Amino acid sequence: MIGPRRVAAILMVLATTVVCACAPGGNPQDGDSQDGGRPVVLTTFTVLADIAANVAGEHLKVESITKPGAEIHGYEPTPGDIKKAARADLILDNGLNLEAWFAQFVDDIDVPHVVLSDGIEPISISADAYAGSPNPHAWMSPLNVQIYADNAAAAFAGLDPEHAADYQANAARYRGELQQVQDDLVDQLRAVPTSQRALVTCEGAFSYLARDTGLTEKYIWPVNAEQQATPQQIASTIDFVAENTVPAVFCESTVSDAPMQRVVEATGARYGGTLYVDSLSAADGPVPTYLELIRHDADTIAAALTASRTP
1 MIGPRRVAAI LMVLATTVVC ACAPGGNPQD GDSQDGGRPV VLTTFTVLAD IAANVAGEHL
61 KVESITKPGA EIHGYEPTPG DIKKAARADL ILDNGLNLEA WFAQFVDDID VPHVVLSDGI
121 EPISISADAY AGSPNPHAWM SPLNVQIYAD NAAAAFAGLD PEHAADYQAN AARYRGELQQ
181 VQDDLVDQLR AVPTSQRALV TCEGAFSYLA RDTGLTEKYI WPVNAEQQAT PQQIASTIDF
241 VAENTVPAVF CESTVSDAPM QRVVEATGAR YGGTLYVDSL SAADGPVPTY LELIRHDADT
301 IAAALTASRT P
């Protein structure tokens, strides 16, 4: 990972580069901090970029530091990322200790910075070294993302007051879509029998979704910052699945499902499928937007938990 001294050195070089790239009069040329006159909003990962884009509409250019499919927790910033951040007009991150890698240089960049999870009531992680820390995956609740949308609208109004009413209107429309997805999610997962209402995943990323839908959450590890499952974590998950006759288990798209396959082998539970959390897919993939991500996960969970358990 890039150290603080290296970050400072890169920033000094970038400052010189930005000055040299400016046209006479000090205004950056197209492709620098503006895109055809539109301010540039930079988010830390693809899920936030899609949420922000729904609120921004046509007035802002929204970009993500990470690409589709990237693992967000242990991401290592590149000099290109720092260059992009230094030239942005606004930076949005999730907060709740998710992007520890981003904190090492964002404080040294003279760009406004807004945390989209401000105002969320966090759920604490209950296990392992992270016990007591807030679970950062607040976006896995469409109800929470309504707050994200309001925070984005307020930030965009401060950046671009001329279009403040449009950002408020976009956020209101998006809140309606989020509420519909939330209602559909609850209705769909309500069909899961009481005896099978357990959501077993590789990462503890579903605390907010489980809370909203009445599912009991169990995971192998709490946060993907450490993806090497310990024998104790796997044994604990095997015991839970066996004792509760859990019909299916899941893993996330950005990590290996090998540890969960060991649970499958030991218990006879079905591998229910791949869930998406930390990243959207490419445009032609299964979850190119946040709303499709939530719908995909709900479909996958409900289908697997309502099917018969493997004998």
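The sequence shown lines up with residues 1 to 311 when you count with my numbering.
Glycine included, every Cβ here is placed at the ideal spot set by N, Cα and C.
These numbers were taken from a predicted model, which means no experiment stands behind them.
- Looking only at S281, D278, G272, the smallest Cα-Cα distance to D299 is reached by G272.
- The DSSP-derived three-state label of E121 is coil.
- A direct Cα-Cα distance of roughly 16 Å separates V255 from E76.
- Under the 8 Å Cβ criterion, the stretch 164 to 180 does not count as touching the stretch 204 to 219, having fewer than three qualifying pairs.
- Per DSSP, the beta bridge partners of Y219 are T201.
- Judged by their CB atoms, A171 and A152 are nearer to each other than the 8 Å cut-off.
- Distance between E265 and A258, taken at the CA atoms: about 11 Å.
- Under the DSSP assignment, K61 falls in the beta strand (DSSP E) whose first and last residues are 61 to 64.
- Rounded to the nearest angstrom, the Cβ distance from V47 to Y290 is 6 Å, consistent with a contact under 8 Å.
- Within its own chain, the residues whose Cβ lies closer than 8 Å to the Cβ of N97, once the five positions on either side in sequence are excluded, are S133, P134, P136, listed in chain order.
- In this model, I120 and A85 are separated by some 25 Å (Cα to Cα).
- The residue from Y130, T66, E63, E292 with its alpha-carbon nearest to that of P142 is E292.
- For P79, the closest of R87, I72, A157 by C-alpha to C-alpha distance is R87.
- The C-alpha of I123 is placed about 12 Å away from the C-alpha of D212.
- Contiguous alpha helix (DSSP H) elements confined to the stretch 243 to 287 occur at 258 to 267, taking only those with 4 or more residues.
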